[in-house]
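Colleague: Supplied in structure tokens, the structure appears directly below.
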Amino acid sequence: EELIIQQGRNIAISDTLGTIAHHWRQPLNLLALYLQNIKEELLGDQINREELIQTIDKAIDSLLALSKTIDEFRGVFSIHDEERLFALADVIDEVCAIYRSEMAAYGITIALDLDRSILMNAKPTLLKQLLLNIITNAKESLIEHPVANAMITISLAREGSETVIAICNNGEAIPPEVLPKIFDPYFSTKKELQGTGLGLYMTKAIVEKQMNGTIMAENTPEGVCFKIRLPLSS
6 EELIIQQGRN
16 IAISDTLGTI
26 AHHWRQPLNL
36 LALYLQNIKE
46 ELLGDQINRE
56 ELIQTIDKAI
66 DSLLALSKTI
76 DEFRGVFSIH
86 DEERLFALAD
96 VIDEVCAIYR
106 SEMAAYGITI
116 ALDLDRSILM
126 NAKPTLLKQL
136 LLNIITNAKE
146 SLIEHPVANA
156 MITISLAREG
166 SETVIAICNN
176 GEAIPPEVLP
186 KIFDPYFSTK
196 KELQGTGLGL
206 YMTKAIVEKQ
216 MNGTIMAENT
226 PEGVCFKIRL
236 PLSS
């Protein structure tokens with residue numbers, strides 16, 4: 006089971022690298038364009054210092070965008086993460102920041118409804134991993150089966166002695182015969198070589214065995230919703 010979880014983590018890292026590549030592509034293209042403009046300016050008969058400075062400033066902005074991406078992804082899969090008290094909403098914000106650019110390219114909106122007072126004593130990396138797995142599944146479903154006004158909604162609230170994280174999307178429903186199997190290891194509805202069937206299995210293992218919570222998935226009138234219930238930290 007530990008080997009399966011590690012395998013699932015490695016696959017999640019691979020998926021995340023694809024997202025990083027998407028984040029970097031536009032700033033790198035812009036940077037190449039700005040450098041070409043600077044070269045042409047320097048090779049010309051006359052140098053417009055004001056335009057040159059503006060182009061250099063734009064190139065610096067592109068470099069800062071690349072640096073920001075590094076900061077956003079740093080520590081997402083850290084193996085040295087320690088248990089600590091943190092605000093759940095902050096981690097959700099961090100994970101969503103990773104996805105916003107890529108989601109926008111596919112016309113998918115991320116909407117948040119978060120109780121920012123809820124704290125949790127755990128390893129933030131664990132929460133990031135399970136959020137990444139579920140959001141990635143929702144993204145892929147919305148891309149494969151496009152809908153008007155595609156949206157992923159994430160809510161965070163208290164219910165009695167529990168914290169409830171709901172990650173919902175307005176995409177295609179999960180077939181009733183598939184729904185009971187989605188957390189099974191190596192079960193996947195994706196085409197061969199596109200799915201491993203480990204993402205949701207690893208998510209369930211993290212929630213139940215490392216965070217003492219529960220997770221379930223259900224079809225709703227609006228689409229599909231995953232609900233994670235975790236004990237409130239005192």
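Each residue of the sequence shown is one higher than the last, beginning at 6 in our numbering. The beta carbon of each residue, even a glycine, is placed where N, CA and C say it ideally should be.
Would you tell me roughly how many angstroms separate the C-alpha atoms of ILE157 and LEU40, rounded to the nearest one?
Modeller: Roughly 38 Å between the two C-alpha positions.
Colleague: Would LEU137 pass as a contact of LEU90 if the rule is Cβ separation under 8 Å?
Modeller: Against a cut-off of 8 Å, the Cβ pair of LEU90 and LEU137 comes out as no contact.
Colleague: Determine the closest residue to LYS241 out of MET216, LEU38, CYS173, GLN51, with distance taken between C-alpha atoms.
Modeller: A question about residue 241 goes unanswered here, because the residues of the chain that appear run from 6 up to 239.
Colleague: If you run the structure through DSSP and keep just helix, strand and coil, what is GLU99?
Modeller: GLU99: helix per DSSP, three-state reduction.
Colleague: Could you say if the stretch 220-230 and the stretch 167-181 meet the contact criterion of at least three C-beta pairs nearer than 8 Å?
Modeller: At 8 Å Cβ cutoff, the stretches touch.
Colleague: Would DSSP call LEU198 helix, strand or coil?
Modeller: Note that LEU198 scores a pLDDT of 40, beneath 50, so its modelled location is shaky; the value from the coordinates is reported in the next line. Coil, per DSSP.
Colleague: Express the C-alpha separation of LYS73 and GLY49 in angstroms, rounding to a whole number.
Modeller: One C-alpha to the other measures close to 34 Å.
Colleague: Quick one, are the C-beta atoms of THR141 and LEU93 less than 8 Å apart?
Modeller: Contact flag unset, no.
Colleague: Once you ignore the five residues that flank ILE220 on each side, which residues in its own chain have a CB closer than 6 Å to its CB?
Modeller: Around ILE220: LYS209, VAL212, ILE233.
Colleague: Nearest by alpha-carbon distance to ILE225: which of ARG54, PRO180, LEU8, GLU145 is it?
Modeller: The sequence given here places Thr at residue 225; Ile does not occur at that position. The candidate whose alpha carbon is nearest that of THR225 is PRO180.
Colleague: Which whole runs of the beta strand (DSSP E) in the stretch 93-176 are 3 residues long or more, in chain order?
Modeller: Listed in chain order, they are 114-119, 124-127, 156-164, 167-174.
Colleague: Work out the CA separation of GLU164 and ASN126 for me, nearest whole Å.
Modeller: Approximately 18 Å between the Cα atoms of the pair.
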